[in-house]
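Numbering (numbering that gives the first Met the number 0), first residue to last: 0 to 217.
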Amino acid sequence: MAVLRATLELRRFDPQTDREARWELVEVTLPEGSTVLEALMHVQEHIDGSLAFRRSCRHGICGSCGMRINGCARLACNTQLTAAVEQARRMAAVRRLAGRGAPASADVAPAPVRVEPLGNMPVIKDLICDMSAFWAKLHAVRPWLQSLQEAPDPDRERLMTQDDWTTLAEGVLCLECGCCSSDCCSLEADEEFAGPAALVKAYRYVCDARDGQTHRRL
Ligand code: SF4
Ligand code: FES
């Protein structure tokens, strides 16, 4: 099986021993096709068991592995390591071009893949953030169905039409991963701003034809 060698540049912070965060370089060798999450799991299992990060499903469903990879918030389990290596190489080449002109090898030199915690949230340890404010804002839009009408039949679900479902379908897909809040400039400027995830959640219920509490959510 083909293998992939990569260097990860991990943002490390242990509140028990570190006064401030530091960067740590780690070399990994993994089967081609591995994700960034699998690279982190490899580090945790074979190199440094103290590396902390969240993950669960490993399939882009649970939303727990949100982190910044090469400066952009995304799901680690949904990011191919090969693609991250290539992106890091291109970003480094651009930095060199912008800095002091490009040496002949600038566009081929490898560069480490930067992995750091989500932004706009306090860091608990390494790649794990405190998402309390994120959850509080989601909760503030009262994210559950609140109909003003009696259920036609208390023993049955409240039905909706296919068109009604199409209107809110994309809002239902939110994984609550926090990636949008991480990279939201408005949230960075004003921490009282609800943030994109809470607005998506509000949209999901405001556009639900069965719901009747739009004014309270907004
Ligand atoms: S809306 Fe935000 S929290 Fe929801 S899936 Fe998209 S990036 Fe994640
Ligand atoms: S581990 Fe569940 S979305 Fe990545």
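Glycine included, C-beta positions come from ideal geometry on N, C-alpha and C.
Do residue j and residue i have their beta-carbon atoms positioned less than 8 Å apart in this structure?
{"i": "residue 75", "j": "residue 125", "result": "no"}
{"i": "residue 59", "j": "residue 177", "result": "no"}
{"i": "residue 116", "j": "residue 57", "result": "no"}
{"i": "residue 215", "j": "residue 141", "result": "yes"}
{"i": "residue 113", "j": "residue 170", "result": "no"}
{"i": "residue 72", "j": "residue 181", "result": "yes"}
{"i": "residue 79", "j": "residue 34", "result": "yes"}
{"i": "residue 19", "j": "residue 9", "result": "no"}
{"i": "residue 206", "j": "residue 167", "result": "yes"}
Any idea what DSSP makes of residue i, helix, strand or coil?
{"i": "residue 65", "result": "strand"}
{"i": "residue 143", "result": "coil"}
{"i": "residue 160", "result": "coil"}
{"i": "residue 198", "result": "helix"}
{"i": "residue 209", "result": "coil"}
{"i": "residue 126", "result": "coil"}
{"i": "residue 190", "result": "coil"}
{"i": "residue 72", "result": "strand"}
{"i": "residue 37", "result": "helix"}
{"i": "residue 167", "result": "helix"}
{"i": "residue 5", "result": "strand"}
Can you say whether residue i is buried or exposed, counting buried as having 16 or more other CB atoms within 10 angstroms of its CB?
{"i": "residue 11", "result": "buried"}
{"i": "residue 27", "result": "buried"}
{"i": "residue 128", "result": "buried"}
{"i": "residue 210", "result": "buried"}
{"i": "residue 217", "result": "exposed"}
{"i": "residue 25", "result": "buried"}
{"i": "residue 54", "result": "buried"}
{"i": "residue 137", "result": "buried"}
{"i": "residue 84", "result": "buried"}
{"i": "residue 254", "result": "In this structure the chain extends from 0 to 217, so residue 254 is not present and cannot be described."}
Measuring alpha carbon to alpha carbon, tell me which of the options ends up nearest residue i.
{"i": "residue 145", "options": "203, 190, 54", "result": "203"}
{"i": "residue 7", "options": "46, 1, 18, 15", "result": "46"}
{"i": "residue 48", "options": "166, 0, 13, 30", "result": "13"}
{"i": "residue 62", "options": "201, 84, 36", "result": "36"}
{"i": "residue 186", "options": "128, 53, 120, 97", "result": "120"}
{"i": "residue 134", "options": "29, 87, 200, 183", "result": "200"}
{"i": "residue 1", "options": "210, 19, 30", "result": "30"}
{"i": "residue 147", "options": "208, 85, 54, 183", "result": "208"}
{"i": "residue 88", "options": "111, 163, 122, 184", "result": "111"}
{"i": "residue 4", "options": "86, 189, 162, 109", "result": "109"}
{"i": "residue 77", "options": "162, 172, 32", "result": "32"}
{"i": "residue 198", "options": "90, 139, 97, 86", "result": "139"}
{"i": "residue 212", "options": "93, 143, 92", "result": "143"}
Taking 7 Å as the line, does the beta carbon of residue i fall inside it for any heavy atom of the ligand MN?
{"i": "residue 174", "result": "Annotation note on the ligand MN: not contained in the displayed structure, which lists the ligand SF4 and the ligand FES as its ligands."}
At a Cβ threshold of 8 Å, is residue i touching chain B?
{"i": "residue 195", "result": "Protein chain content of the structure displayed is limited to a single chain, and chain B is not contained in it."}
Are there three or more Cβ pairs, one per stretch, closer than 8 Å when the segment 163-178 is compared with the segment 193-201? yes
When the Cβ atoms of the segment 35-43 are set against those of the segment 149-159, are three or more pairs found closer than 8 Å? no
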